[in-house]
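There are 2 protein chains.
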Amino acid sequence: MRTEALTRKQQQTLDFIQRYIARHATAPKLREIAEGIGIRSRGVAHRYVQALSDAGYIASNDGNIRLLADNPHRIDATLPLLGKIAAGKPIEAIPGEDQLDLRDFFGSNNYAVRVQGDSMIEAGIYDGDTVIIEFRETAENGDIVIALIDECEATLKYFQRSHKGRYIKLIPANKDMEPMVYEAERVRIQGVVIGQIRRY
Amino acid sequence: MRTEALTRKQQQTLDFIQRYIARHATAPKLREIAEGIGIRSRGVAHRYVQALSDAGYIASNDGNIRLLADNPHRIDATLPLLGKIAAGKPIEAIPGEDQLDLRDFFGSNNYAVRVQGDSMIEAGIYDGDTVIIEFRETAENGDIVIALIDECEATLKYFQRSHKGRYIKLIPANKDMEPMVYEAERVRIQGVVIGQIRRY
DNA sequence: GGCTTCTGTTCTCATAATGTTCTCATTATA
DNA sequence: TATAATGAGAACATTATGAGAACAGAAGCC
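Protein sequence lines correspond, in order, to chains L and V. Heads up: the first sequence at position 1 corresponds to 5 in my numbering, and the numbers run straight through without jumps. Heads up: the second sequence at position 110 corresponds to 114 in my numbering, and the numbers run straight through without jumps.
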């Protein structure tokens, strides 16, 4: 195996599969592979997958693709949680035995977005922060969402329906900015904020 | 028990259940699962739960769902990072940085602390947030630290030395509160904030 | 008790999606 | 020119997915 060099499209296919699995922790469908490498035919995608399998780069049976290369480094997404600390008056720090578990941040439908701008500053989301998004097409009033307006402009705002759902109001958390109201058809929800992360 | 790979919806169901249990400390109803994964039929939700049970990811009898300890809980601490969100364009990828890597949050000298109170609110650290602490006994001016005062009171503040190190000033990020100054011997640093996390 | 409501469970029916194999072009390349 | 690489898409069998009906049991409510 692995004797002959990969053709350009085969390499492209392998790259795509690796990237996809790194992101989604699950194998892509032939349809997604086809789209990912810029073709339309599932049959052709299948041909490339077959070639990669024959060449020993991946194992593929019955649509289940596994990478044969080394797996990405995996770690436990938990931390000891030492108890509450009063940021107001200093009070005793009580050692707890709890664990901070961040696994729900890493669901397969989640992604992260770097925030730019101050429109959510009063919600404690600052310029440069990263928000964790759960991909969903619907939201509840009060959720912080990523909304795509007219399929071209993405924004991070509080979500609220109005007029029995015919309009959607996107509310910034910044008193210097005004809420925006759109017909519901112009707004597409791209996900709901489930967490926020900042580094120092 | 070693399973064939989960289908997409099965994975989605498992993610939802895990997230739900993490948040509510109780198992979701079939109705909620259905809604959570975007379908309307309890019967279909039941089918997925059954499949997860057969595959050994969860234990389910009579509507009681438990997560099994040996399921693939170890996940990698990275997320796709989809780029900056700002007015103008859909989310676009950041060249050279397409993964949010949180592994440095999980170093062995790190721990998490739940914040109580508003003294760091102007630094964007809100009541109920969790801060990630790297255990250290020294800090630099401007760091946010956990400081133990007189070996009995812990507090989260900006750190600053004064009077050539003879005194330590602990500064809240809240203009309604006053900085506090202590002799250096009375203050012991317990760690420095390297990150902050919030859930919604 | 009788009634309603909710739940889990099982079932059938339909439709969409997927992997696979195939033939027929077109394009690049040696 | 000859060969390999690439692409489209049809055809087929199988699986995945979704809706909803039907039923039994539990729980609450009058």
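Ideal placement from N, C-alpha and C gives every residue a C-beta, glycine not left out.
Along chain L, in chain order, which residues have C-beta atoms closer than 7 Å to that of residue i?
| i | result |
| --- | --- |
| V:VAL197 | TYR204 |
| V:ILE37 | Simply none; closest approach about 14 Å. |
Could you say which of the options lies nearest to residue i if we only look at CA atoms?
| i | options | result |
| --- | --- | --- |
| L:ASN68 | L:ARG44, L:THR30 and L:GLY47 | L:THR30 |
| V:GLU187 | V:ILE201, V:LEU152, V:ASP180 and V:GLY199 | V:LEU152 |
| V:GLU144 | V:LEU56, V:LYS179, V:ILE25 and V:ILE193 | V:ILE193 |
| L:ILE150 | L:HIS167, L:ILE37 and L:GLN120 | L:GLN120 |
| V:GLY146 | V:TYR204, V:MET181 and V:ALA127 | V:ALA127 |
| V:GLU157 | V:VAL191, V:VAL48, V:THR11 and V:ARG12 | V:VAL191 |
| L:MET124 | L:GLN164, L:PRO176, L:PRO183 and L:SER64 | L:PRO176 |
| V:ALA59 | V:ASP66, V:GLN14, V:ARG46 and V:LEU34 | V:GLN14 |
| V:ASN65 | V:SER45, V:LEU34 and V:ALA38 | V:LEU34 |
| V:ALA204 | V:ARG12, V:ARG23 and V:THR11 | The question names Ala, yet the displayed sequence has Tyr at residue 204 of chain V. Answer by Cα proximity: V:ARG23. |
| V:THR11 | L:HIS28, L:VAL48 and L:ASP154 | L:HIS28 |
Do residue j and residue i come within 8 Å of each other at the CB atom, strictly closer than that value?
| i | j | result |
| --- | --- | --- |
| L:ASP133 | L:ILE198 | no |
| V:LYS140 | V:VAL196 | In the sequence as presented, Lys is not what sits at residue 140 of chain V; that position holds Arg. Cβ atoms of V:ARG140 and V:VAL196: closer than 8 Å. |
| V:TYR162 | V:ILE148 | yes |
| L:VAL185 | L:SER166 | yes |
Among residues of its own chain, excluding the 5 on either side of residue i, which ones have a beta-carbon nearer than 6 Å to its beta-carbon?
| i | result |
| --- | --- |
| L:TYR115 | ILE137 |
| V:THR17 | ILE41 and TYR52 |
| L:GLY92 | No answer about L:GLY92 holds up, because its pLDDT of 36 lies below 50 and its placement is not dependable. |
| V:ILE43 | none |
| L:ARG46 | LEU34, ARG35 and ALA38 |
| V:LYS173 | GLN164, SER166, PRO183 and VAL185 |
| L:THR159 | ALA151 |
| L:PHE109 | ILE136 and GLY199 |
| V:PRO94 | In this prediction, V:PRO94 scores a pLDDT of 43, lower than 50, which makes its location untrustworthy; the coordinate-derived value is nonetheless stated afterwards. Within the same chain, V:PRO94 has no close Cβ partners at all. |
| V:ALA90 | With a pLDDT of only 46 at V:ALA90, under the threshold of 50, the placement of this residue in the model should not be trusted, and no figure is reported. |
| V:ALA9 | none |
When DSSP builds the beta bridges, which residues end up paired with residue i?
| i | result |
| --- | --- |
| V:LEU160 | V:ILE150 |
| V:LYS33 | For V:LYS33, which the question treats as bridged, DSSP gives no partner whatsoever. |
| V:LEU174 | V:PHE163 and V:MET184 |
| L:SER64 | L:ILE69 |
| L:ARG140 | Per DSSP, none; premise fails for L:ARG140. |
| V:TYR115 | V:ILE137 |
| V:GLY195 | V:ILE150 |
| V:ARG202 | L:GLN200 |
Residues of chain L with CB closer than 9 Å to the CB of residue i, please, in chain order.
| i | result |
| --- | --- |
| V:GLN14 | Neighbours of V:GLN14 on chain L: none; closest Cβ ~10 Å, over 9 Å. |
| V:ILE193 | Those within 9 Å of V:ILE193 in chain L number zero; the least Cβ separation is about 13 Å. |
| V:ILE62 | Per Cβ cutoff of 9 Å: no residues; V:ILE62 is ~15 Å from chain L at best. |
Report all residues from its chain with a CB closer than 8 Å to the CB of residue i; omit the five preceding and five following residues, and keep chain order.
| i | result |
| --- | --- |
| L:ILE62 | LEU18, ILE21, VAL53, LEU56, ILE69, ARG70, LEU71 and LEU72 |
| V:ASP122 | TYR130, ASP131 and ASN178 |
| V:GLY169 | ALA188 |
| L:HIS50 | LEU34 |
| L:ASP154 | ARG190 |
| L:VAL48 | ALA38 |
List, in order along the chain, the chain V residues whose C-beta lies closer than 9 Å to that of residue i?
| i | result |
| --- | --- |
| L:GLN22 | Residues of chain V passing the Cβ test: none, with the nearest at roughly 13 Å. |
| L:ILE3 | Given that chain L is displayed from residue 5 to residue 204, the structure contains no residue 3 of chain L and the question cannot be resolved. |
Below 7 Å on C-beta distance, what does residue i contact in chain V?
| i | result |
| --- | --- |
| L:TYR130 | GLY128 |
| L:GLN164 | Residues of chain V passing the Cβ test: none, with the nearest at roughly 15 Å. |
Between which residues of its own chain and residue i is the CB-CB distance below 7 Å, once the five residues before and five after are set aside?
| i | result |
| --- | --- |
| V:THR142 | ILE193 |
| L:MET181 | SER123 |
For a contact defined as C-beta to C-beta under 8 Å, what are the partners of residue i on chain L?
| i | result |
| --- | --- |
| V:ALA9 | THR30, ALA31 and ASN68 |
| V:GLN54 | Neighbours of V:GLN54 on chain L: none; closest Cβ ~20 Å, over 8 Å. |
| V:ILE172 | Those do not exist, as V:ILE172 stays about 13 Å from chain L at its closest Cβ, beyond 8 Å. |
Applying a beta-carbon distance threshold of less than 8 Å, which residues of chain V neighbour residue i?
| i | result |
| --- | --- |
| L:ILE148 | TYR204 |
| L:ILE25 | Within chain V, no residue comes near L:ILE25; the closest Cβ sits about 11 Å away, beyond 8 Å. |
| L:ILE41 | Correct list: empty, because the minimum Cβ distance to chain V is about 17 Å. |
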